[in-house]
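Protein chains in written order, with my numbering: chain A, 478 to 589; chain B, 256 to 368. We put the beta carbon where it would ideally sit given N, CA and C, even for glycine. A short worksheet on the structure shown next.
What follows is the structure in structure tokens.
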């Protein structure tokens, strides 16, 4: 399973942008980069995913390095509700893999 | 539209007992995956069901088994419970072929004493 590396924890202030980094130096050409987050006492929820180009949706933006060995999840204006554990996951269905492999994730704290 | 539901919410069992956890997928979804999440860790994949068959399995012993019903709901069974089985058990549903976008339930908290 392809491996990702994330900081254990990060802290930011409410209404400020947050940049959550993820390193995936062994990424293969068929791996998509996915982000999930897990709010306290809830199951994980899908945030965003991308392959090569930067992606935007209503929740966040995903910036992918040109060599694809790293990516950054961007929360443009953090709220207290964004406090969660954020997981960066590599997923490929190329070889029939049908599972998500979660690492330790980054625990994001938002200060009011 | 109901999301993924799981029952029960909490469960306390004794070492050696057996337990059954239940999951109803999001409406329209046909694939169910089960994950175990120990305290402070990320979820670990147990297995996945599609068309009432186990399609893929993670690194879990045979004490962990499952079932999927024709209505796509699923059960996770754990036999001969160990203290180390204490965890949050998460069910996730998805459409076959879109497994990257899984919808998770709130989980069942199992405590083994």
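For residue 527 of chain A, which of helix, strand or coil comes out of DSSP?
strand
Do residue 554 of chain A and residue 492 of chain A have their C-beta atoms closer together than 8 Å?
yes
Below 8 Å on the Cβ atoms is my guess for residue 577 of chain A versus residue 568 of chain A; work out the distance and round it to an integer in Å.
6 Å
Looking at the secondary structure, which residues open and close the beta strand (DSSP E) in which residue 540 of chain A lies?
538 to 541
Would you be able to state if there are at least three C-beta pairs under 8 Å between the segment 306 to 319 of chain B and the segment 260 to 272 of chain B?
Contact fails: fewer than three Cβ-Cβ distances are below 8 Å.
Which same chain residues, not among the five before or five after residue 272 of chain B, have their C-beta less than 7 Å away from its C-beta?
Excluding residues within five positions, the ones whose Cβ falls inside 7 Å are 336.
Is the Cβ of residue 577 of chain A closer than 8 Å to any Cβ of chain B?
Any Cβ of chain B closer than 8 Å to the Cβ of residue 577 of chain A would place that residue at the interface, and such an atom is present.
Could you give the C-beta distance for residue 595 of chain A and residue 513 of chain A, rounded to a whole number, given that I count them as a contact under 8 Å?
Nothing in the structure corresponds to residue 595 of chain A, since chain A is present only between 478 and 589.
Tell me, please, whether the CB atom of residue 522 of chain A is closer than 8 Å to any CB atom in chain B?
yes
What in chain B is Cβ-close to residue 509 of chain A, meaning under 9 Å?
355
So, residue 298 of chain B versus residue 305 of chain B, is the Cβ gap smaller than 8 Å?
no
Would you mind telling me which residues of chain B sit closer than 9 Å to residue 527 of chain A, beta carbon to beta carbon, in chain order?
The CB of residue 527 of chain A never comes closer than 9 Å to any CB in chain B; the least such distance is about 11 Å.
Taking all protein chains shown into account, decide if residue 542 of chain A is buried (16 or more other Cβ within 10 angstroms of its Cβ) or exposed.
exposed
Taking 8 Å as the CB-CB cut-off, is residue 294 of chain B touching chain A?
no
Check the Cβ-Cβ distances between residue 581 of chain A and every residue of chain B, and say whether any is below 8 Å.
yes
Could you check if residue 511 of chain A belongs to the surroundings of the ligand HEM, using beta carbon to heavy atom distance under 7 Å?
In terms of ligand content, the structure shown is empty, and the ligand HEM therefore cannot be addressed.
Among B/364, B/360, B/367, which one has its Cα closest to the Cα of residue 523 of chain A?
B/360
For a test of the three-state rule: what should DSSP assign to residue 321 of chain B, helix, strand or coil?
Here residue 321 of chain B sits in strand by DSSP.
Output yes or no for whether 8 Å exceeds the beta carbon distance between residue 486 of chain A and residue 583 of chain A.
yes
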